[in-house]
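First residue of the sequence shown: 119, per this note's numbering; consecutive thereafter. To start, the structure itself, in structure tokens.
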Amino acid sequence: MPVEPTEMKQPQSTEMNMDTLYFVLAAFIMVNVILGGFRIAVGPSRTDRMLASQFLGTATVALFLIMAEVLEQPSLRNIALIFVALAALTSVAFVKSYASRTEPRINE
């Protein structure tokens with residue numbers, strides 16, 4: 119039995135659904151940023167604090183990428199790339215400073 123065009127359901131707007139999804143994702147990331155900030159302030163060791171700060175960098179990148187989509191501003195992706203590069207540099211700097219304090223150097 120053929121379906122009459124008036125009986126067919128109209129597709130729902132995916133734009134509203136995507137905006138809702140972006141908002142929920144951004145809110146979830148912000149809650150995690152608050153918890154990560156607590157870990158930085160109270161963290162029992164330097165390593166815990168460094169891992170929390172790396173997470174904050176990752177969350178910042180995620181928020182910039184979400185904002186780039188919602189606001190239709192591709193330039194925000196470039197800012198996210200800058201944060202990725204800074205996070206990589208801070209990781210290397212932390213590992214070098216931590217390794218130099220914990221391992222004795224052997225002179226050859």
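Even for Gly, the Cβ is constructed at its ideal location relative to N, Cα and C. All figures in this text were calculated on a predicted structure; none of them were measured in a lab.
Take the alpha-carbon of residue 135 and the one of residue 147: they are about 18 Å apart.
The C-beta of residue 170 has 16 or more other C-beta atoms within 10 Å across all chains shown, which makes the residue buried.
In the same chain as residue 185, and ignoring 5 residues on each side of it, the C-beta atoms closer than 6 Å to its own belong to 194, in chain order. Between residue 179 and residue 206, the CB-CB gap reaches or exceeds 8 Å. Under the DSSP assignment, residue 175 falls in the alpha helix (DSSP H) whose first and last residues are 164 to 188.
With a beta-carbon spacing of about 13 Å, residue 167 and residue 175 fall beyond the 8 Å limit used to define contacts. Annotation for residue 154: 170, 173, 174 place their beta carbon closer than 6 Å to its own, counting only its chain and skipping 5 residues before and after. If you check the CB distance, residue 150 and residue 177 come in under 8 Å. Sequence-distant partners of residue 143 (beyond 5 residues in either direction) whose C-beta falls short of 7 Å from its own C-beta, in its chain, are 184.
Residue 187 sits close to residue 140, with the two beta carbons spaced by under 8 Å. Of the other Cβ atoms in all chains shown, fewer than 16 fall within 10 Å of the Cβ of residue 156; this residue is therefore exposed.
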